[in-house]
Structures are given as C-alpha cells and as structure tokens.
Amino acid sequence: MQRKILILFFLLLLIFFGLASRAIVDVKLQELRFQLTKEQLLNYELSSKVLKDKIRQMMLSKDDYTNEIKVNILESSVMNAQLGETDTKLSLLEKFGLGIVNVVRVISTKSPLTLEEDQNDMMKIQFGFYMERTRKFATAVKKYQELEKSLTNKESDEYGFVMLHSGFCIAMMGDTKGAIAKLRETEDLFVGSHFADNARILINVLLEGERKLNDINSGTKTETERAALLYETGQYKETLSQLEKIENRSNDQNYMRARSLEELGQTSKAIAEYLSLVEKKEIDKEIAKKANRRLLLIGSIYEKNEDLTDYSKSNAQKLGDTDIVKKVDEGSALILNSNIVEKLTNDSQTNADPEVAQEFQELKKELETIKLKETEERKESTEKVEKEVAVIRKDPVVEEEKFDSPYNLTMKLTLSDGRSILGKTIVFEEAKINVTLDTFSSKLPATLLSEIVVNNNPNLKNPPIQIELKNGKTSYGFKIVRDSDESFKLKNKSSETSIDEDSIQRILIR
156 MQRKILILFF LLLLIFFGLA SRAIVDVKLQ ELRFQLTKEQ LLNYELSSKV
206 LKDKIRQMML SKDDYTNEIK VNILESSVMN AQLGETDTKL SLLEKFGLGI
256 VNVVRVISTK SPLTLEEDQN DMMKIQFGFY MERTRKFATA VKKYQELEKS
306 LTNKESDEYG FVMLHSGFCI AMMGDTKGAI AKLRETEDLF VGSHFADNAR
356 ILINVLLEGE RKLNDINSGT KTETERAALL YETGQYKETL SQLEKIENRS
406 NDQNYMRARS LEELGQTSKA IAEYLSLVEK KEIDKEIAKK ANRRLLLIGS
456 IYEKNEDLTD YSKSNAQKLG DTDIVKKVDE GSALILNSNI VEKLTNDSQT
506 NADPEVAQEF QELKKELETI KLKETEERKE STEKVEKEVA VIRKDPVVEE
556 EKFDSPYNLT MKLTLSDGRS ILGKTIVFEE AKINVTLDTF SSKLPATLLS
606 EIVVNNNPNL KNPPIQIELK NGKTSYGFKI VRDSDESFKL KNKSSETSID
656 EDSIQRILIR
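Dropping the structure here:
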C-alpha cells in the first residue's frame, strides 16, 4: 500500500513539475513577446531625438514650415506600433506559471512580473503621447500623472519617458517652475541616460527663457516692443498677457496672439483668430498668408481635418502661396495615423482581459469627451469653414493653364546615331539638310534626321515648329518624328500628319 502511495506521489510530482515547466516557458514567451512589442512601441532613443528637434523648432525656428513638417513625420512614428497584437490575457496554466516565476523573483529581490497591468500602461502612454502630439497638453499631463502613480518600477524606461514628456508638456502650458522641478527629478533619477540629457537641455532652454524674460521686463520698452520680444523668445504665455494690454491691436499682433494660443495648446481659439486674419487678405495679404499656412498645417498635419485643409488650400490659391500646399501634401502623406486613436474610434479591442478592456473603454470615453468639447468650442469656426468649403467643392477653382514665352526658341534635332544638335532653320537640299543656328550652320545627310522637338520642352500654347512645303503650303506642329525612310510625321497635341521628305522645303522655329 505504501509503495502504491509513493508511486502515486512521484507521478503527481512529475505531473506538477511538467505542468510548472510548461507554464513557466509559456509565461517567459509571453514576457518576451510583450517586451519586443513594447520596445517597438516606445522607441526611446527616437522619442528623445524627436523631443530635442521639437524644442529647437519651436524656440528657434517657429516659422520654418519644412522643419516643422519633418519633426511631425518623425513624431508620428513614435509610440505608434500595433500594440495589442500580443494577447496578454493569461490562461489558468500561464497564471500558475506566473505565480511560480514571481515567487522566485521576489526571493531573488526582483520586482514581480505584471504582464496584464503593463498592457494598460502601454495604452495610457500611447494615448498621452497622442494628446501631446496634438497639443492637448493639459490632457497629456493628466495621463502622465496617472502613469507616474501606476508604474511600479521607478527606474524603467517607461517611467523615464513619462517624466520627461510630462515636464515638456508642463513647460508648453507656461508653468516654467513646475516644468523645471519635474525635469530636475527626471535628471536625478536617470543620470547618464538620454532622458537626463534631454531633461538638461530643456531645463537650460527654460532657464534661458526666464533670463530673457527678466531682461525684457526690466528694460524701458513700450508694450508693443515688449510683446514682440516675448513672442520672438518663445514666451507665449507672457506674450498673451502683454497683448491683452494693447488696445486696437494690429494684424501682426493678432497673428502673434493666435500663434501663442496655438503653441499653448489652445488650438480652437487659435483657429478662430487665424480665420479672422485670413478674411482680411485684401487689407493685409502677408499676414493672411501666414495665418492661412497655420490653418493648413493644423488641418493637414496635426489634425487631418479635411474641411480645414480644403479651406486653407483654396485660400492659398487665392493668395498665390501654392508652394506651401505642395510641401504640406508631401509631408501629410508620410505622417502615420495614430493606431491608438483608430483602435478607440473603431472599438477594435481584441484583448479579452477584463482590466485591459475596462481601461480601453475608459480611454474611448475620454477621447469622445475631448472631441465633443472641441466640437462645441469650434462651432462658430466650423460653420464658417463648412460654408466656404461647400462653395469650393460645388464650384472648384480651376487653375488657368500657364504657357511659356515662345520667343528665342530653338529646335533640338535627334540623329539616328543618338547624337543631337540645335538649330533654328533646317533647309532640305538634295539628300542633305542644312541646319542653321544664328550665324553658324552645318550640313548632314538627311537620312540621319530622326526627330525634331523644341529644346528644353517648354509648355507652349501654339505649335512652334513650322514646315514649309515646295507647293507653297505651310503646316505647324509640336514635334516631327521620322515615319519611314521617305516620310515624317508632324504631331500636334491631338493629331498627326504624314509628310513626304521630298515635299519639304524647309523647317523653322517661329
């Protein structure tokens, strides 16, 4: 009997160790998959580089639209991986394995694994960073503060990311002291890392800003001069305060006000101001152009707002500012859509873990609330844009085709051996052609002539090549191509005519 009990005990022990081994392996695989997904998502080094570029762009080159678009393209690739493809819902066996692994980790003084909780944190980080990207700084700070409390490992890269970007958002809201305190904490916690390096850079920028602010306020300057200096040094909160003191602000000052509102994350108010300035294009074309560029960037780069984009493109056409449209279109095509927003909007949550699903629904509700608030704030601006866009889409502006000047043109003759020469007149002689360009001429066998076009291929309204025939008739075309050994084809935009070589007297450019 005892022998049977021992055998049964050993069998149970073998089954236990077998199940435990399998469970531990499964848990480690889950951990590895999640870590790989997390590394792809966070991309810490890139996020630090982007933040550095963003600080430089906002403080030193605020009107460098090309650089601003480049920063946005880079920024869209940060925190934008397909999180959720790895299912972190653990089976009973995997939970058993996780328990064993955590017991061992606690004994060895390591922090326990929290795979399901980490999934919640990753979604929050994605959401917070999206809010930062779209300049909803108050919402981003709130989300980062929640993460500071929920992240248990205060030495992790996730915590460093949250601290650094929280400090940046606080700075952008105009709270310099609060931002410096947060960034100094980041610097102390992550000594020697890129988080500390970037925190130090931002601290120095903020301290330099404070020094400049003191210099501006201590001097004997007019309110107008002080406002302009504050704006140029990136002191947007103080710029707004100073501009409010000025009565009958100029269009330039109202543009500074709108730009300051935008940089502080008050985009809805900024849009209303920009729209007002664009409507004054007949009075102040340059300011209208600058304001319209900001609307174009907000609509196409930051928010993907089709109505605002179409409105600003139409105005760019009227203002003769089409180069910026081309740059923005090229940049917009390279900016990645936010995966977290797409998931929340489409309710595409695949993970069945109750805690993750609950966090997902909370983020979804928060995003909907933000959109509703934004819609209410922009009601008047939206109606104005929609009315204008309805007219644009109903009766689109067709750009009139522009043609090059027809003067001083030359013909390019391509020969059958691949060479080419230039000429203004070609006289057909017996078995030869005499090509003349100004005071110089050369004779070639007629059989070598393969093609005649206008040099540099300009866009011309009327056909520039003239063929005079021996019977006195004249024909015109854009191009002449050899059709056979004895004939050529004269080509127009929509037709072509065959002409015998023997009937041609001369070809000239008119």
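Heads up, the sequence shown is in our numbering, so the first residue is 156 and it goes up one at a time.
Quick reminder that beta carbons are idealized off the backbone N, C-alpha and C, glycines included.
The structure presented is a predicted model; accordingly, all values stated were derived computationally and were not measured.
Cα atoms of residue 661 and residue 580: separation of roughly 7 Å, rounded to the nearest angstrom.
Each residue's CA atom was taken as its position, placing residue 363 and residue 335 some 12 Å apart.
Ranked by Cα distance from residue 223, the first of 522, 451, 375 is 451.
Taking a cut-off of 8 Å on C-beta distances, the segment 412 to 428 does not touch the segment 511 to 527, as fewer than three cross pairs fall below it. Residues of the same chain with a CB within less than 6 Å of the CB of residue 328, apart from the 5 flanking positions on each side, are 292 in chain order. Straight across, the Cα-Cα distance linking residue 622 with residue 659 is about 7 Å.
In this structure, residue 566 and residue 664 form a Cβ contact; the two beta carbons are roughly 5 Å apart against a cut-off of 8 Å. The segment 275 to 287 makes no contact with the segment 404 to 413: fewer than 3 CB pairs, one atom from each, lie closer than 8 Å.
Residue 568 sits in a strand when the DSSP states are folded into three classes. Looking at the DSSP output, residue 589 sits in a beta bridge with 582, 598. Taken through DSSP and simplified to helix, strand or coil, residue 621 comes out as strand. Annotation for residue 338: 322, 354, 357, 358 place their beta carbon closer than 6 Å to its own, counting only its chain and skipping 5 residues before and after. For residue 299, the enclosing alpha helix (DSSP H) covers residues 292 to 305.
The segment 607 to 620 and the segment 584 to 591 do not touch, with fewer than three beta-carbon pairs separated by less than 8 Å. Taking a cut-off of 8 Å for Cβ pairs, the segment 455 to 466 and the segment 475 to 494 touch, as three or more such pairs fall below it.
DSSP places residue 338 within a helical segment (H, G or I) once states are collapsed to three. Taking all protein chains shown into account, residue 476 has 16 or more neighbouring C-beta atoms within 10 Å of its C-beta and is therefore buried. Exclusion of the five residues before and after residue 331 leaves 361, 364, 365 as the residues of its chain whose Cβ lies within less than 8 Å of its Cβ. Considering only 417, 629, 387, 501, the residue with the shortest C-alpha distance to residue 522 is 501. The Cβ neighbour count for residue 489, taken over all protein chains shown within 10 Å, is under 16; the residue is labelled exposed. Rounded to whole angstroms, the separation of the alpha carbons of residue 568 and residue 648 is 19 Å. If you draw a 10 Å sphere on the C-beta of residue 629, you find fewer than 16 other C-beta atoms in it, and that means exposed.
Where residue 629 is concerned, there is no enclosing alpha helix (DSSP H), although the beta strand (DSSP E) around it starts and stops at 629 to 632. Separation of residue 515 and residue 498 (C-alpha to C-alpha, rounded to the nearest whole angstrom) is 9 Å. Non-local C-beta neighbours of residue 577 in its own chain, meaning closer than 8 Å and more than five positions away in sequence, comprise 565, 566, 567, 568, 592, 610, ordered along the chain. Three or more beta-carbon pairs separated by less than 8 Å link the segment 637 to 653 to the segment 592 to 607, which places the two stretches in contact.
Around the C-beta of residue 574, fewer than 16 other C-beta atoms lie within 10 Å, and the residue is accordingly described as exposed. Listed as beta-bridge partners of residue 644 by DSSP are 636, 653.
Taking C-beta atoms as the reference points, residue 417 and residue 448 fail to come closer than 8 Å. If you ignore the 5 residues before and after residue 303, its C-beta comes within less than 8 Å of the C-beta of 314, 317, 318, 321, all in its own chain and listed in chain order. In this structure, the alpha-carbon of residue 651 lies about 5 Å from that of residue 645. Rounded to whole angstroms, the separation of the alpha carbons of residue 545 and residue 378 is 42 Å. Sorting 612, 370, 549, 413 by C-alpha distance to the C-alpha of residue 561 places 612 at the top.
Residue 229: not part of any beta strand (DSSP E); member of the alpha helix (DSSP H) spanning 220 to 231, first to last residue. By the Cβ neighbour-count rule, residue 513 is exposed, with fewer than 16 other Cβ atoms within 10 Å of its own.
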